[in-house]
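S.K.:
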Amino acid sequence: MSDADDHSGMSEGELLAAEFALGVLASVERAAARQRMARERAFANMVAEWEQRLAPWAGEIAEVSPPPQVWDAIAAALPAPAAPSAGLWQNIVFWRGFALASALAAACLAVVIYLGVIGGSQPLVASIEGGGARTFVATVDTRRGTIAVVPAAFSADATRVPELWLIPADGKPRPLGLLRADRAVTITIPPQFAAQTVSDAVLAVSLEPPGGSPTGLPTGPVIGSGKLTSL
Amino acid sequence: MDLDANRNLIAAALGRISGGDRAALQTVYRLTSAKLFGVALRILGERSEAEDVLQEAYVTVWRKAADFDPNRASPMTWLIAIARNRAIDRLRATRQSRRMDPIEQASEVADSAITADNALESAQDHARLHGCLDGLAAHERGALRGAFFDGDTYEDLAARMSVPLGTMKSWIRRAMIKLKVCLEQ
C-alpha cells in the first residue's frame, strides 16, 4: 500500500505492528503478522516498541493469584533435561545421582537423628514447600537448640536473601536467621524462642534484603513454609 | 519492593532460564504469575481457560527466554506481551464473537483516575500514557480499551459501538498515530 501520507508518517507496516500489539487483529491477520515478525526483524522491532508503549496500561489490571496446580502443570510440561553432554545442570544422570545422594544424606540424617532420640532429645523436621516445590528441609536438634537447614529446590536471587522464620501457635513470625541457597546452614535457636520451637509450629522462608528483614517481620514474599513434626 | 530491584530480579532470572535453570523459571513465576494471570483472566473471563493460558505462557517463557533482550524491553513488558498474545490466540480460537455489550462512550471512566501499579512500570510511564490517552477523543479511547483489555477485534468493536467496520478501523489507526506522536513529545 502507498497510503503512508494519510497516516502522518506511520507506514502501513508500523500500523500493522501497532494493531498486532494492541491485539485488535482477527485470527488470519494475526497469523500473517506473526509470519512477518519471523521474517522481518524491523517489523518485529516495531511490534516490540508498540508493546512497550502500551504496557503501562496493564498496570490497571488487578493481580490474581493463580491456583498452585498451575505451577505443577508447568513443571510437568517442561522438556526432560537434555543428554549428558549438555552440561551438569541439564544432565539427568547428574540429577539422578544428586537425588540418590540426597536420599543417602537423608538416610544418614535419619540415623543421626535416631541416635539423637536414643540420646534423649526430641528431633523435629519440617519440609519447607512453596510454589509446588520443596525449597528447604529443616531439622531441629532440640537438645543442642539448633536448626539445620538444607536447600532443596531453591536458587538464589541476585538482590535478596532467604530468611527463616518461626511461626508458633500465636501466628506471629520470629526471625531465626538467614539461609543460603548453596549450602546447609546451622542456626542456634535464640533462647527466648526455644519454648516455641515445638511440634506443629511452622517454619517459613521469605526473601529479604541483604542482611535480613530490617523490621523484624517478613517484608518480602514468603516462598515456602512447613510444619515441624516429630520424627 | 521497589521497582528497580524487582525488574533486575526478573531480568536476572530470565537470563538464567536460557541456561536450563528450572529454579529460575520458578522465581520468575513466583514474582510475575499473579499479574499475568490477571491479564489472561481479564481477556478470557474464565478461570479454567486463563489457567491453561498461564501454563502455556510460562512454557513459552522457558523456550524463548534467550530471545529476551533487557536493552530492548522491560521484563514485565515482555512477559505481559507473551501472556496477552496467548490469551488473544485462545480467544480467537474458541469464540466467534463475544461481549457484545455496547461501549458507553459518554459514561466512560476517566483513565487518569486509575492509579498505576508500581510493580509493573514506573509511575512516570503510566502517567505519560494516561496523559496521552486522555488527549484522545472518547470514542477513540473506548475502542482502544476494548481491544487492549477485552481482546476485541475490529468487528467486535464495530458491533459494540454500532459503527461500520471501516469507521472503526480508521478510529483505531488514527488513535494509534496520535498516541505515538504524543508519547514521543
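Quick mapping for you: the protein sequence lines, in order, are chains B and E. Going by our numbering, the first sequence opens with residue 1, and the numbers climb by one from there. Going by our numbering, the second sequence opens with residue 1001, and the numbers climb by one from there. Every residue, glycine too, gets a C-beta built ideally from N, C-alpha and C. As the structure is a prediction and not an experimental result, all values here were calculated from the model.
Measure from the C-beta of Ser85(B) to each C-beta in chain E and report whether the shortest distance is under 8 Å.
M.R.: Residue placement at Ser85(B) is poorly supported in this model, since its pLDDT is 43, which falls under 50; the coordinates are not used for a value here.
S.K.: Out of Arg160(B), Ile167(B) and Arg183(B), point me to the one whose CA is closest to Gly212(B)'s CA.
M.R.: Of Arg160(B), Ile167(B) and Arg183(B), the residue nearest in Cα terms is Arg160(B).
S.K.: Would the stretch 165-178 of chain B count as touching the stretch 1017-1035 of chain E if we require 3 or more Cβ pairs under 8 Å?
M.R.: Output reads no: the stretch 1017-1035 of chain E does not touch the stretch 165-178 of chain B.
S.K.: Along the stretch 1045-1070 of chain E, where does the CB come closer than 7 Å to a CB of chain B? Name the residues.
M.R.: Here the close residues are Glu1051, Leu1054, Gln1055, Tyr1058, Val1059 and Trp1062.
S.K.: Which partner residues of Lys227(B) appear in the DSSP bridge assignment?
M.R.: Lys227(B) pairs with Val202(B).
S.K.: Cutting at 6 Å between CB atoms, please list the residues of its own chain near Ser178(B), excluding the five before and the five after it.
M.R.: The sequence as given places Leu at residue 178(B); Ser does not occur at that position. Result list for Leu178(B): Val161, Glu163 and Gly212, in chain order.
S.K.: Check whether the stretch 1002-1021 of chain E and the stretch 1064-1077 of chain E touch, using three or more Cβ-Cβ pairs below 8 Å as the test.
M.R.: As far as the Cβ criterion goes, the stretch 1002-1021 of chain E touches the stretch 1064-1077 of chain E, which means the pair count is three or higher.
S.K.: Going by beta carbon distance, what residues of the same chain come within less than 8 Å of Leu1091(E), once the five residues before and after it are set aside?
M.R.: The residues are Ile1043, Leu1044, Arg1098 and Gly1151.
S.K.: If you follow the alpha helix (DSSP H) that Phe43(B) is part of, which residue opens it and which one closes it?
M.R.: Looking at the DSSP string, the run of the alpha helix (DSSP H) that includes Phe43(B) is Arg41 to Leu54.
S.K.: Check Glu129(B) in the structure and name its three-state DSSP category.
M.R.: Three-state DSSP puts Glu129(B) in a strand.
S.K.: How big is the Cα-Cα spacing for Gln1040(E) and Arg1160(E)?
M.R.: The amino acid at residue 1040(E) is misidentified as Gln; the sequence shows Ala. Straight-line Cα distance between these residues: approximately 21 Å.
S.K.: Name, please, each residue of chain B whose Cβ falls closer than 7 Å to the Cβ of Asp1125(E).
M.R.: Per Cβ cutoff of 7 Å: Pro56.
S.K.: Answer with yes or no whether the minimum CB distance from Ile61(B) to chain E is below 8 Å.
M.R.: Answer yes: the Cβ-Cβ gap between Ile61(B) and chain E drops below 8 Å somewhere.
S.K.: With respect to the beta strand (DSSP E) encompassing Pro162(B), which residues constitute its N-terminal and C-terminal limits?
M.R.: Segment Val161 to Ile167, the beta strand (DSSP E) holding Pro162(B).
S.K.: Using only the alpha-carbon positions, how far apart do Val24(B) and Thr1060(E) sit?
M.R.: Approximately 22 Å, taken between the alpha carbons.
S.K.: Run through the DSSP bridge pairs and tell me what Val140(B) is partnered with.
M.R.: Per DSSP, Leu124(B) and Ile147(B).
S.K.: Going by DSSP, which residues form a beta bridge with Pro67(B)?
M.R.: For Pro67(B), which the question treats as bridged, DSSP gives no partner whatsoever.
S.K.: Going by beta carbon distance, what residues of the same chain come within less than 7 Å of Leu1079(E), once the five residues before and after it are set aside?
M.R.: Correct list, in chain order: Thr1032, Leu1036 and Val1061.
S.K.: Quick one: Cα of Arg36(B) to Cα of Arg1084(E), how far?
M.R.: In a straight line, the C-alpha of Arg36(B) is about 19 Å away from that of Arg1084(E).
S.K.: Would you kindly work out how many angstroms separate the C-alpha atoms of Ala201(B) and Arg1141(E), rounded to a whole number?
M.R.: Answer to the nearest angstrom: the Cα atoms are 53 Å apart.
S.K.: Hey, could you find the ends of the beta strand (DSSP E) Pro175(B) is sitting in?
M.R.: That run of the beta strand (DSSP E) goes Arg174 to Leu178.
S.K.: Output needed in chain order: residues of the stretch 36-55 of chain B with a Cβ under 7 Å from some Cβ in chain E.
M.R.: Within the stretch 36-55 of chain B, the residues whose Cβ lies closer than 7 Å to some Cβ of chain E are Ala48, Glu51, Gln52, Arg53, Leu54 and Ala55, listed in chain order.
S.K.: Have a look at Ala1119(E) and Ile1082(E) and give me their C-alpha separation to the nearest angstrom.
M.R.: Note that Ala1119(E) has pLDDT 45, beneath the 50 cutoff, so the model's placement of it is unreliable and the number below is only indicative. Roughly 18 Å separates the two Cα atoms.
S.K.: Take Gly224(B) and list the residues in its own chain whose beta-carbon comes closer than 6 Å to its own, dropping the five residues that flank it on each side.
M.R.: Cβ within range, chain order: Ile128, Glu129, Gly130, Thr135 and Val205.
S.K.: Flag Ser65(B) as yes if its beta-carbon sits less than 8 Å from any beta-carbon of chain C, otherwise no.
M.R.: Given the protein chain composition of this structure (B and E), no chain C is represented.
S.K.: Look up Glu1056(E) in the DSSP assignment and say whether it is helix, strand or coil.
M.R.: DSSP places Glu1056(E) in helix when its eight states are reduced to three.
S.K.: What are the start and end residues of the beta strand (DSSP E) that includes Val185(B)?
M.R.: Looking at the DSSP string, the run of the beta strand (DSSP E) that includes Val185(B) is Val185 to Thr188.
S.K.: Classify Arg1063(E) as helix, strand or coil using the three-state DSSP reduction.
M.R.: Helix at Arg1063(E).
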